[in-house]
Structures are given as structure tokens and as C-alpha cells.
Amino acid sequence: MSSISAKSEPNGAEPTAVTTKGSRLSPGAPPRVTLHLGHLPSKTNMSVPYPRSPSRVDPNNPPWPAFRGYHRYSFAHATMGVRLPTILGKAIDDASRTLNEQSSEDLIIDLANCLERMDQLMVDLSGNAKLRPIIDDAEADVSLWNKEIAKYFQGKDFMNAPWLFAEAYKYRRLHECFSVSKYWKDYDVFYRQKCDTFSRSAEAVFELSMRFAEPFSHAANLSDAEKLDADRLMFLELTQVCLWGNSTDLSLLINMSEEQIKSLQSTGGDHLAATEKNILGNHLNRLWETVKSIREKTGGRVDFVLDNAGFELYCDCVYADFLIQSGLAKQIHFHGKRYPWFVSDVTRKDWEWLLNIMVYGHLFPKATEVERESLRRLGERWKQYERDGKWVYEQHPFWCTGYTFWDLHSEAPDLFLHLSRSDLVFFKGDLNHRKLTYDCHAPASTPFDVAIGPMASAAGAPRICSLRTIKSDVVVGLGDDGDLIAKKLDDDEPGWKISGKYAVVLLSDGRPGEKVRFA
Ligand code: F6P
Ligand code: MG
């Protein structure tokens with residue numbers, strides 16, 4: 001029989017319930033009353049109403065139930081238990097390889113210490129240690145990390161903290177292995193892999209460079225209406241190129257053959273037409289109406305919150321180039337990460353590498369002269385955009401924190417204000433989508449504007465477009481029939497949420513008063 005004892009509060013407040021087990025009475029304390037509950041109804045398992053009301057939402061309690069590493073049904077389990085240790089193991093191999101290439105004793109000793117810290121991280125990760133604060137390594141995000149840990153994750157470990165936070169924390173700890181060193185602060189354990197995937201993408205790279213090296217122009221004698229339609233068709237195809245460029249992030253390519261990668265990267269028209277049916281939440285036409293109206297007003301600013309380096313970044317740039325040339329945007333801001341993040345995410349070094357290697361590199365020995373020239377010209381044009389201030393590369397510390405974008409306006413108000421001046425902000429990829437939607441178990445029919453909370457509703461929130469191939473559990477924005485569609489896919493194609501075969505193109509409604517009306 002269970003029992004609880006109730007103690008009267010001296011100030012006459014509600015009595016505090018205390019379990020009898022382990023409790024002690026201090027001398028002079030009021031006598032304790034023991035209640036025997038054997039005749040009360042047994043406890044029932046109540047279903048909690050979701051979504052939580054906004055005041056009850058916090059990083060440990062998302063609006064809908066969180067995914068956590070110990071949830072065997074979720075991709076969180078495989079990621080925390082298997083993928084992350086594998087990724088860390090490969091990172092250790094990379095740093096060891098670099099160590100073996102050194103000659104200076106100082107550098108070697110310093111890197112050996114980084115490796116020891118990585119080994120410790122491996123012990124913590126595989127042993128499911130508690131999440132400790134981040135060491136003050138002078139990065140601009142330390143206080144954000146430690147505030148979040150202190151407020152919401154004290155005593156939590158890698159498996160019972162929400163997956164999104166635990167996974168981001170692992171990459172922050174990996175960075176710390178190097179950031180506290182003397183000579184290796186900026187070392188990128190994923191850099192070799194990132195460069196390799198681009199050099200292995202020759203076919204798709206030249207498919208695009210051969211088409212876009214020459215500045216874009218309309219065929220002669222087209223009427224205005226025909227020009228507009230040509231712009232529309234090109235915009236829709238290139239949006240798809242940009243979208244599907246996300247299906248090949250390195251963290252999922254570990255076991256893929258060259259042939260599988262090539263087929264994922266296929267950028268031909270037939271392939272794109274066939275893949276549009278795999279866009280489960282599809283606002284492509286609304287997106288076109290939006291950019292068209294931006295052009296009609298003034299031409300404007302478009303932002304890309306980037307995802308992966310190499311081939312995906314290259315596709316993003318081809319798309320951004322078209323937006324500039326067609327007058328759909330006047331200026332583009334690209335937002336990358338300050339340090340290596342989720343294996344393949346873009347850092348400033350990756351950005352510079354891509355543009356410089358396109359112009360000066362010797363990456364593709366089998367390419368023809370014409371192909372190499374097309375890539376060089378494209379790279380030259382993009383570098384010129386940077387010099388002219390048409391393209392701006394930025395890296396705010398907030399992008400490498402464990403906070404979701406529901407907290408962007410409160411935890412990074414400067415960044416929020418900056419984004420609010422944009423006419424359209426593209427969020428690329430799976431992780432950004434998880435952060436937009438609080439990475440939780442929202443029904444697939446949840447409208448995008450509801451799922452992204454303050455990023456749609458906060459005063460000044462910019463119009464947002466998520467271009468994401470589906471590679472993890474959270475799926476929203478599939479429309480009124482979304483729950484049925486998701487259920488059918490669950491039954492017919494287990495694994496559909498992590499295969500990268502399906503995608504969403506979801507657009508928020510944008511600022512009140514500045515909405516484009518959709519038919
Ligand atoms: O580890 C899982 C994950 O975070 C998933 O979100 C996704 O599978 C991958 O890593 C990152 O994907 P992306 O590069 O598209 O954000
Ligand atoms: Mg990524």
C-alpha cells in the first residue's frame with residue numbers, strides 16, 4: 001500500500017506532501033499525519049494535451065513531446081547510440097592522421113592533448129555521462145550554452161536530454177577539444193571529407209556549370225509574358241536543384257556507393273519532374289509568387305541560413321546567382337557556422353575553399369577544358385558578387401548553440417532584428433528544419449506557421465522558407481490529410497523519414513500587412 005505524509009506549513013499554506021521513505025522529522029516539527037490510500041481509485045495514465053501552451057514550452061519541454069536518445073522508435077536512438085560514436089571515431093582518425101604528418105614537437109604535443117580530450121568525449125558519449133558545462137574557451141556562445149544547461153539540463157545525460165540538444169552539445173564538446181589548445185583552435189576534423197565529396201561530384205557539378213557559366217539572358221523576341229514564364233520555370237527548377245542538393249549531407253553518406261551518390265545528385269529536368277511528387281508539403285508556387293512580388297516592389301534582400309558545404313553549397317550558390325541575375329533579389333546574405341558542425345555544415349573556410357577552388361583548383365583531372373573553364377567563370381562571377389557586396393557571408397554565434405529557433409528572438413535579438421530586415425529567409429536542410437519546428441512529435445498535419453511558433457508569429461518575423469529533404473523524425477506541413485499521408489508511409493515504407501527520398505518546401509505567411517495573397 002502506498003502512503004504519503006502531509007506536513008502543515010507554518011504560514012498556513014497548502015500542506016506539503018512528503019514521501020515517508022527517507023524523510024526525517026526535525027525536533028520541534030509539527031506531528032506528521034499519515035494517510036493510507038488503499039481505498040482510493042488506482043492512478044490513471046492521463047493523456048496530456050498538446051501542444052503545450054507557450055508559457056510551458058522550454059528546451060526540455062517542446063510544444064509536442066520531444067524525441068530523446070532512449071526512445072527506441074526514433075532516429076534519435078540510432079544517432080545517439082551508434083551514429084555519433086561512429087562520427088567521433090572517424091574524427092579521431094582524422095586528427096591522428098594530421099598528428100602523424102607533423103614535425104614540430106610543440107604542435108604534436110598540443111594535438112596529442114586534443115586527441116586525449118576527444119577520447120574522453122568518446123568515453124562520456126558511449127558511457128552516457130551527464131552533460132557538464134562548456135569550458136570557457138572564449139567563444140562567443142559559451143554563456144548561451146551554459147545558461148541553457150544550468151536552466152534546463154542539470155543532471156541530464158546524452159540519452160535523456162532532448163535529442164536536438166544532446167546532439168548539438170556533442171558537436172560543441174568536440175569543438176572544445178580543439179578550442180582550448182594553443183595551435184589547433186580552428187582545426188576542422190571534417191574538412192578533408194567535405195572537400196572530398198565535392199571532388200567526387202564532378203558529373204553534377206559540370207552539369208550545372210556548363211549551363212550557368214554564361215550570364216543568364218532570355219531568348220530573343222520573347223514577349224514580357226513569355227519572359228516572366230521563362231523566369232518562373234527556371235526559378236521552380238532551380239529551387240528543386242537547391243532543395244535536393246541537401247539530400248547528400250556527409251553524416252548520412254557513410255555507407256553510400258559512388259553510384260548511389262550520383263543518382264541522388266542528378267540534376268536533369270526529367271529527374272526533377274519525377275522528384276516533385278516526393279515533395280510532400282509543397283509551397284513551390286507560393287514561393288514563386290513571393291519572389292515575384294519582391295521583384296515588383298524593389299528587388300530585395302534574400303538570406304540563406306546555410307546547411308552543408310561542398311556540393312550543397314554549390315547548388316545554393318547557383319540558385320542565389322540566378323536570383324541576382326534575374327533581379328529577383330538585389331542582395332543575398334549567407335549564414336554559416338563558426339566552427340565544424342554536424343559534420344558537413346558550412347564554415348567560412350569551406351565557403352572560401354569552394355569559391356577559390358572553382359577558380360584556381362585542380363580538382364577534376366578528368367574534366368574537359370570547356371568544363372573547367374565553365375567552373376572557373378562561375379567562380380569568378382561569384383567572387384565578384386562578394387567584392388561588390390551583392391553576396392555577404394556571415395556567421396553569428398547563435399547558429400552553433402543548442403537553442404531552437406523558437407528562442408532566436410529572445411536569445412539572439414540582434415540576429416532576429418537583422419533577419420527581420422530580409423524579404424525572404426531560406427533555411428536549408430534537415431537540422432535547420434528541426435530547429436525551426438522544435439524537433440518534436442507534432443502531427444504531420446500541423447501547419448508550418450504553427451510548427452515554427454515565434455518565427456512566424458513574433459513581431460517582425462521575416463517570411464521563411466524551409467527547403468529540407470526529410471532525414472529525421474519531425475514532419476509537419478503536409479496539409480489537412482497530412483496525418484493520413486504520414487500513417488500510410490509509416491505502414492508502406494518504414495524508414496521514409498530518414499531516407500532523404502522525400503522533402504518539403506514550406507513557406508511561412510510572413511509579416512502581417514506584407515502578405516502576398518495566394519489563390
Ligand atoms: O544526426 C541526424 C541529423 O541531425 C539529422 O538532422 C540529419 O540526418 C543530419 O544529421 C543532418 O542533416 P542536414 O545536413 O540536412 O541538416
Ligand atoms: Mg548539415
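If you count the sequence shown from 1, position 304 lands on 304 in the UniProt record's numbering, and the numbers rise without skipping.
Virtual Cβ for every residue (Gly too), placed ideally from N, Cα, C.
Please determine, among the options, the residue with the shortest C-alpha to C-alpha distance to residue i.
i: K185; options: G327, Q193, D196, R173; result: R173
i: M210; options: E493, R377, G38, F426; result: R377
i: V476; options: H441, P215, G299, L236; result: H441
i: F75; options: L164, G38, N61; result: L164
i: G69; options: W391, K156, H36; result: K156
i: R348; options: A220, D188, I87; result: D188
i: D124; options: F405, K170, F153; result: K170
i: G299; options: I332, T437, R56; result: I332
i: S201; options: P365, T79, R387, I109; result: P365
i: E371; options: L208, L84, H71, L131; result: L208
i: P215; options: D224, W382, Y393; result: W382
Kindly examine ligand 1 and report whether one of its heavy atoms sits closer than 6 Å to the Cβ of residue i.
i: L436; result: no
i: S472; result: yes
i: G429; result: yes
i: N246; result: yes
i: T79; result: yes
Is residue i buried or exposed, if buried means 16 or more other CB atoms sit within 10 Å of its CB?
i: R301; result: buried
i: T19; result: Reliability of the predicted coordinates at T19 is poor, the pLDDT of 37 falling under 50, and no value is obtained from them.
i: H396; result: buried
i: G500; result: buried
i: Y502; result: buried
i: H433; result: buried
i: K277; result: exposed
i: K487; result: exposed
i: F416; result: buried
i: V82; result: exposed
i: S422; result: buried
i: V48; result: exposed
i: T368; result: exposed
i: N282; result: buried
i: G453; result: buried
i: G245; result: buried
i: A13; result: Caution applies to A13, whose pLDDT of 36 falls short of 50 and renders its modelled position unreliable; the model cannot decide the point.
i: M455; result: buried
i: M118; result: buried
i: Q120; result: exposed
i: F518; result: Here the model assigns F518 a pLDDT of 42, short of 50, so the residue's position is not dependable and the matter cannot be decided.
i: A219; result: exposed
i: N356; result: exposed
i: L489; result: buried
i: I254; result: Note on I254: pLDDT 36, under 50, position unreliable in the model; the coordinate value appears next. Answer is exposed; the Cβ neighbour count stays below 16.
Tell me whether residue i, by its Cβ, gets closer than 6 Å to a heavy atom of ligand 2.
i: G299; result: no
i: D124; result: no
i: N308; result: yes
i: S344; result: yes
Measure the CB-CB distance between residue i and residue j and report whether it falls below 7 Å.
i: D137; j: E105; result: no
i: S374; j: A213; result: yes
i: V425; j: I464; result: yes
i: V359; j: G379; result: yes
i: P162; j: I149; result: no
i: K497; j: D481; result: no
i: F198; j: F311; result: yes
i: S410; j: P462; result: no
i: R468; j: G429; result: yes
i: F158; j: N113; result: no
i: S344; j: K435; result: no
i: A95; j: L115; result: yes
i: D483; j: S457; result: no
i: G336; j: L306; result: yes
i: D449; j: S508; result: yes
i: C400; j: W341; result: yes
i: W64; j: P51; result: yes
i: Y183; j: D110; result: yes
Who does residue i pair with in a DSSP beta bridge?
i: S466; result: F427, L506
i: G281; result: V504
i: P63; result: DSSP, once it has assigned bridges, lists no residue as partnering P63.
i: P162; result: R68
i: E394; result: H335
i: N308; result: D345
i: K130; result: D157
i: V302; result: I332, L424
i: D58; result: N61
i: C440; result: A66
Nearer than 6 Å: is that true of the beta carbon of residue i relative to any heavy atom of ligand 3?
i: N61; result: Among the ligands in the structure shown, ligand 3 does not appear; only ligand 1 and ligand 2 can be found there.
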